[in-house]
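Here is the structure we will look at, set down as structure tokens.
As structure tokens, then:
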């Protein structure tokens, strides 16, 4: 099947600084694809190129089989964008935000009114249709932006950190909405800092850092392949435990206070460590995407 | 350069419609100041200065002072509304409200957005000029039928001032920095381009500088039109305004594109 998004050696530089460095992407129809990475990894720059806001410095980028440089208008007509920063129009109320935004797509008249009504019901904001934007909560604004992104019935929905700063209720509501859209056949491209969100929603994802793709795949497989099944977290990192881990040839990471030990069969090793080597707290848990993320991008702060 | 023309389309009108919708929502705020402003001016100058200066010599005849400044005040309104719409107001939309970013995720290009903003600002300056025009007409300060050419000329000039404002919007980092172009351009144009007194009263070097500014051409053209006169120079003045109304919008679109798309 033809890819919805195809990038080859895609690169973007700003005044000599490389933001996106030679990346390849293939995103298929009806897939939910995640872009993960620490701040400054190049996720948003990639997304901005996808919806033709920024032109690539070099490389090939095709959306729906059209190159972004040449067919920006045609591509943008078929995409819905939920940007990282809220940019609802504060000069207009909820209803007019949808009406005016649809008009940018050349959509007018009773069909738009019907579509707006349907979308406001979908995101649970119909009762707020006459409200001012400033009177909406953060979660409501986010939902309204998603409704706005769906006005043109897009085949590709780009969500740049759709749930950042939202409470758990709002986040779960948005996740539900994304699932429903996927069922309806929409391809979703998602960037996020929340690993559980990516693991929950994405069929495939990639982790970027310093403008490059570090690892790519299905979230579950990535965890199994790169981390294992279980993680033992042992606090009060002591010499004796380290010697034991080295002797056993176990895959582990050490921070100032913690050991993170990645194991395939957690139970046996955990019993040994917790009884013999751990002076502080020792816990056994399932390995998750965050372990993969930290393993590949390190634990140092960014920005 | 060529891509600017390629990326401009009729879709610019969607931006105009957006601004018009907002304008209608706040019509009371938009309507009352332009209505009171000319009345304030005409009162202040008619009763205040008008008592000191009863008549001004213009094109070889004596003209009552109020009749002399009425076209100047229409020019001032045109300048203020055109310039301030694309400077402060556009900057707020671009920088604080991120309205441009939102529009750019739709089929519109940055060229469409900026052109739509310019056409809107020119329209708004004509709305304001129209109110001033109506008040001046009601007071019998305009000479018809010639005076009906005032508004088309204001539309051209509105485009000039709007695109000048947009050039500064493409340059400033913060909204406070607009004080500089206001101090360097708008205030001098208000004071030294012949709105309140004949340009000939100023030293000749100031007159030369003044003729580089669009306001001087506008005031001079409007005054001749509103007083029912005719002279050959007016065609040159209008030609200069048309030229500026073609060059500055193009320039401002190029500058804005560079600012927004890096």
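Residue numbers (this note's numbering), protein chains in the order written: chain A, 1 to 303; chain B, 304 to 565.
Positions of the beta carbon are idealized from the N, C-alpha and C atoms, including for glycine.
Fair warning: this is a prediction, and the values are worked out from it, not measured in the lab.
Secondary structure at residue i, three-state DSSP: helix, strand or coil?
i	result
residue 353/B	helix
residue 4/A	coil
residue 598/B	Residue 598/B cannot be examined here, being either before or after the span of chain B that is shown, 304 to 565.
residue 563/B	helix
residue 41/A	coil
residue 12/A	strand
residue 66/A	strand
residue 79/A	strand
residue 525/B	helix
residue 312/B	coil
residue 408/B	coil
residue 292/A	helix
residue 546/B	helix
residue 100/A	helix
residue 519/B	helix
residue 380/B	helix
residue 33/A	strand
residue 59/A	strand
residue 93/A	strand
residue 106/A	coil
residue 186/A	coil
I want to see whether chain A comes within less than 8 Å of residue i, judged by CB atoms only; does it?
i	result
residue 459/B	no
residue 473/B	no
residue 424/B	no
residue 364/B	no
Going along the chain, which residues of its own chain have a beta-carbon closer than 6 Å to the beta-carbon of residue i, five neighbours each way excluded?
i	result
residue 32/A	182, 188, 201, 202 and 203
residue 417/B	556 and 559
residue 484/B	471
residue 34/A	190, 198, 202 and 205
residue 82/A	145, 146, 149, 159 and 162
residue 465/B	385, 389, 421, 424 and 425
residue 155/A	78
residue 18/A	211
residue 374/B	525, 526 and 529
Spatial neighbours of residue i within its chain, please: C-beta separation below 7 Å, excluding the five flanking residues on both sides.
i	result
residue 333/B	326
residue 74/A	66
residue 359/B	366, 368, 371 and 501
residue 452/B	528
Tell me which same chain residues have a C-beta within less than 8 Å of the C-beta of residue i, skipping the five on either side of it?
i	result
residue 545/B	459
residue 513/B	495, 496, 497, 502, 505 and 519
residue 394/B	472, 475, 478 and 481
residue 286/A	229, 230 and 231
residue 296/A	207, 209, 214, 215 and 226
Determine the chain B residues that contact residue i at a beta-carbon separation under 7 Å, and present them in chain order.
i	result
residue 76/A	408, 409 and 410
residue 160/A	Neighbours of residue 160/A on chain B: none; closest Cβ ~10 Å, over 7 Å.
residue 100/A	321 and 324
Which chain A residues are close to residue i, counting only those with a beta carbon under 8 Å from its beta carbon?
i	result
residue 564/B	53, 54 and 55
residue 560/B	The contacting residues do not exist; residue 560/B stays about 11 Å from chain A at best.
Kindly list, in the order they appear in chain A, the residues whose Cβ is closer than 7 Å to that of residue i.
i	result
residue 325/B	91 and 92
residue 476/B	Residues of chain A passing the Cβ test: none, with the nearest at roughly 17 Å.
Note down, in chain order, every chain B residue with its Cβ under 9 Å from the Cβ of residue i.
i	result
residue 83/A	401, 404, 405 and 408
residue 304/A	Outside the modelled stretch of chain A, which goes from 1 to 303, sits residue 304/A, for which no answer is possible.
Along chain A, in chain order, which residues have C-beta atoms closer than 9 Å to that of residue i?
i	result
residue 534/B	Per Cβ cutoff of 9 Å: no residues; residue 534/B is ~45 Å from chain A at best.
So residue i contacts chain B; which residues on that side make the cut at Cβ distance below 8 Å?
i	result
residue 103/A	317, 320 and 321
residue 87/A	400, 401, 402, 404 and 405
So, is the C-beta of residue i closer than 8 Å to a C-beta in chain B?
i	result
residue 132/A	no
residue 142/A	no
residue 73/A	yes
residue 96/A	yes
Please report whether the beta-carbon of residue i lies at a distance below 8 Å from any beta-carbon of chain D.
i	result
residue 9/A	No chain D appears in the structure shown, which is made up of the protein chains A and B.
Scan the region 119-178 of chain A and note each continuous beta strand (DSSP E) run of 3 residues or more that stays entirely inside, going in chain order.
Those beta strand (DSSP E) runs which fall completely within the region 119-178 of chain A and span 3+ residues are 156-160.
Mind pulling the alpha helix (DSSP H) runs of 4 or more residues that sit fully within the region 202-286 of chain A?
Within the region 202-286 of chain A, complete alpha helix (DSSP H) segments of at least 4 residues are found at 219-226, 239-248 and 266-276, given in chain order.
Could you tell me which uninterrupted alpha helix (DSSP H) segments, each at least 4 residues in length, are contained entirely in the region 439-513 of chain B, listed from first to last along the chain?
Listed in chain order, they are 453-474, 490-495 and 507-513.
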